[in-house]
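Converting from the sequence shown to the working numbering requires adding 114 to each position, the first position being numbered 1.
By construction, the Cβ of each residue, glycine as well, lies at the ideal position given by its N, Cα and C atoms.
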Amino acid sequence: MSEDSEIVLTPGGHAKLRQRLDYLRNVQRPDIARRLRAAKEGDDLTENSEYETAKQEQALVESEILELGHLLQMARVVDDESIPTDHVGIGSIVAMTNLESGARWEFTLVSSAEADPDHNLISDESPIGKAVMGKKVGDIVSIRVPKGIMNYRIESIRK
115 MSEDSEIVLT PGGHAKLRQR LDYLRNVQRP DIARRLRAAK EGDDLTENSE YETAKQEQAL
175 VESEILELGH LLQMARVVDD ESIPTDHVGI GSIVAMTNLE SGARWEFTLV SSAEADPDHN
235 LISDESPIGK AVMGKKVGDI VSIRVPKGIM NYRIESIRK
């Protein structure tokens, strides 16, 4: 994804990123500022570990605030009407069956900005996302994994 390319987000992903940005601005930033003021009350800032830790945290928080702000500025939020059900696209909830084991797996296809594999939010830029993008119910997709290639059948697509 290039730095200035459009980022497609689901409504839930947009809300989650907006929540994170608000938390950083309204909770983390003031807390770090308070800790910096308290640490400055010490005599020698060159040997003040609380001050150094807070400065490092401040840099990380400010960097994340800038990154999230840019991401949200570049984002286009898909609405429910634009989430396809005749083929896989961003926001689609996809159910697939592993043709070898018969195991069924359901996930939501999202942009890389909101991907969270532990919660079955799979990036459109991942090998799985690339394999299913644009596919239809009944299509067979092959996904390369460390152990070889796994074949899945798309069972359903919904929003």
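Over what stretch of residues does the beta strand (DSSP E) that includes residue i continue unbroken?
i	result
Met247	Segment: none, Met247 is in no beta strand (DSSP E) and carries neither H nor E.
Glu164	From DSSP, Glu164 is part of no beta strand (DSSP E) but of the alpha helix (DSSP H) over 163-188.
Leu223	218-224
Are the CB atoms of residue i and residue j nearer to each other than 8 Å?
i	j	result
Thr199	Ile268	no
Leu123	Gly183	no
Leu223	Val175	no
Ile204	Val192	yes
Ile197	Lys250	no
Quick check on residue i: does DSSP put it in helix, strand or coil?
i	result
Ile271	strand
Ile256	Going by the sequence as given, residue 256 is Ser instead of Ile. The answer is strand: DSSP assigns Ser256 an E or B state.
Thr124	coil
Gly283	Residue numbering for the chain in the displayed model covers 115 to 273; residue 283 lies beyond these limits and cannot be assessed.
So which of the options has the shortest CA-CA distance to residue i?
i	options	result
Ser262	Val202, Gln187, Glu214, Val192	The sequence as given places Gly at residue 262; Ser does not occur at that position. Checked all of Val202, Gln187, Glu214, Val192; the closest Cα to Gly262 is Glu214.
Asp145	Gly126, Ala168, Gly127	Ala168
Report buried or exposed for residue i, applying the criterion of at least 16 other Cβ atoms within 10 angstroms of its Cβ.
i	result
Gly248	exposed
Leu131	buried
Ser163	exposed
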